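See below for the structure under consideration.
Residue numbers (the working numbering): 51 to 269.
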């Protein structure tokens, strides 16, 4: 039996682990939220050293206990590069504060050629691999003419990078327009305008937005 540990962006990593377990029940797929879950961080100490493959939906050139453990125990380490990973790793490489083994011993995936090129500039040779994490289809619902609603994606802890200040300013200047933020909760903001709802994943818009993003891309 092959043992695969999947880490990284929790929503997509958990979904991928679930789908692979259904598709391939003869092997073991374990999702660990090593970002936010303290219990999963402890479980990683048990699962990662025993893994045949560690798949991370997140790439990094900076030191990682999970990556170090995978390489030390001769697991195949796969990094799927998404979002701000490339920017952070570019800064790490330029400053000299990076781990050379991550660049040379890991297998690197990305989804588009421009990310592939950016990675190549810091010595990371990535293969373009497209993923689809679910098979649902969604119908486009026409917006009522009397009400304009704007849906935007602001992942938890990355609101600034995704332009939250601009969105909130736009909402303040357009009080008649409803804004729905998927990916983060109202607790992640202070003084949200009355016409802004931070839905996380609980709202039907938030769930659909996440699933649509997952279908197209891991980020």
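Where a beta carbon is used, it is the ideal one built from N, C-alpha and C, also for glycine. If you're wondering where the values come from, they're calculated on a predicted model, not measured in any experiment.
How would you label residue i, buried or exposed, when you count the other beta carbons within 10 angstroms and need 16 or more for buried?
i           : result
residue 209 : buried
residue 83  : buried
residue 164 : exposed
residue 167 : exposed
residue 259 : Confidence at residue 259 is low in this model, with a pLDDT of 45, below 50, so its placement is unreliable and the value that follows should be read with caution. Result: buried.
residue 14  : This structure leaves residue 14 out entirely; the chain is present only between 51 and 269.
In the DSSP assignment, find the unbroken beta strand (DSSP E) run with residue i in it and report its ends.
i           : result
residue 200 : 199–203
residue 245 : Here residue 245 belongs to no beta strand (DSSP E), and DSSP marks it neither H nor E.
residue 176 : 176–178
residue 232 : 228–232
residue 53  : 53–58
residue 105 : 103–107
residue 148 : Per DSSP, residue 148 belongs to no beta strand (DSSP E) and is neither H nor E.
residue 130 : 126–130
Kindly indicate the opening and closing residues of the alpha helix (DSSP H) around residue i.
i           : result
residue 80  : Here residue 80 belongs to no alpha helix (DSSP H); instead the beta strand (DSSP E) covers 78–81.
residue 166 : 163–170
residue 223 : 214–223
residue 211 : Note, residue 211: premise wrong, no alpha helix (DSSP H); not H, not E.
residue 116 : 115–122
I think residue i touches residue j, with their Cβ atoms under 8 angstroms apart; what is that distance to the nearest whole Å?
i           : j           : result
residue 67  : residue 109 : The Cβ separation is near 18 angstroms, so there is no contact.
residue 54  : residue 103 : 5 angstroms
residue 159 : residue 111 : No, residue 159 and residue 111 are not in contact; Cβ-Cβ is about 15 angstroms, not under 8 angstroms.
Of all the options the options, which has the alpha carbon lying nearest to the alpha carbon of residue i?
i           : options              : result
residue 238 : 230, 250 and 229     : 250
residue 196 : 228, 236 and 97      : 228
residue 235 : 69, 170, 98 and 204  : 204
residue 127 : 145, 146, 99 and 211 : 99
Give a yes or no on contact between the segment 224–235 and the segment 199–208, applying the rule of three or more CB pairs nearer than 8 angstroms.
-> yes
Taking contact to mean at least 3 C-beta pairs separated by less than 8 angstroms, is the segment 85–98 in contact with the segment 129–144? no
Next item on the list: Would you check if the segment 147–156 and the segment 71–87 touch, i.e. whether three or more CB-CB distances between them fall below 8 angstroms?
Entry: no
Could you say if the segment 71–78 and the segment 113–121 meet the contact criterion of at least three C-beta pairs nearer than 8 angstroms? no
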